[in-house]
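Residue numbers (mature numbering (1 follows the signal peptide of the UniProt record, and there is no 0)): -21 to -1, 1 to 118.
Cβ atoms here follow ideal geometry from the backbone N, Cα and C, with glycine treated the same way.
Here the structure is a predicted model, which means the values were calculated and not measured.
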Amino acid sequence: MRMFALGAIAALLISFQPAEATVVANVSLSSQTMTVTENGTVLYQWKVSTGRKGFVTPKGKWTAKWLSKNHRSRKYNNAPMPFAVFYNGGYAVHATYETKRLGRPASHGCIRLHPENAAAFYALTHRYGLANTRINISH
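Set out below in structure tokens:
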């Protein structure tokens, strides 16, 4: 009888443990914004730049795959991609130094952010883990 009571208490304690946090970046191609939530609570809304004419930012839903704090593009002349959160092959959310272009399409397909915002998103992804970070891109 005592074992049953301890098992029931343990089951209750396990069920009350908080779930791991989920960070979600919802990117709107039409408004050129990224809204970042943590467990459904909005933390940030930032201007972004996505794929310019002739380049595509793919729509869809992904889990973050890998991080690179000081990445450089092998495809585009060693271009800096600081605080990169890769989510789909060579596509990443990363910082840009061309901050005047934020709010309109200007990239080769990646999602560009102000360096401070990219650093904040990178830190959230690092803190909560790749498996708990989602990037959703819609029209």
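Separation of residue j from residue i, as counted between CA atoms
| i | j | result |
| --- | --- | --- |
| G88 | L81 | 14 Å |
| P94 | V27 | 11 Å |
| Y55 | F62 | 17 Å |
| R106 | Q11 | 26 Å |
| K48 | V64 | 8 Å |
| Y66 | H118 | 18 Å |
| A43 | L103 | 11 Å |
| Y76 | R91 | 9 Å |
Residue environment, residue i, which counts as buried when at least 16 other CB atoms sit within 10 Å
| i | result |
| --- | --- |
| A4 | buried |
| F34 | exposed |
| H50 | buried |
| S86 | buried |
| R53 | exposed |
| N96 | buried |
| H73 | buried |
| V6 | buried |
Span of the alpha helix (DSSP H), counted from its first residue to its last, around residue i
| i | result |
| --- | --- |
| H105 | 94 to 107 |
Residues sharing a beta bridge with residue i, DSSP
| i | result |
| --- | --- |
| N67 | Y70 |
| H50 | M60 |
| E17 | V2, T20 |
| S7 | T12, S117 |
Range covered by the beta strand (DSSP E) that runs through residue i
| i | result |
| --- | --- |
| E113 | The sequence shown places Arg at residue 113, rather than the Glu named in the question. From DSSP, the beta strand (DSSP E) with R113 extends over 112 to 117. |
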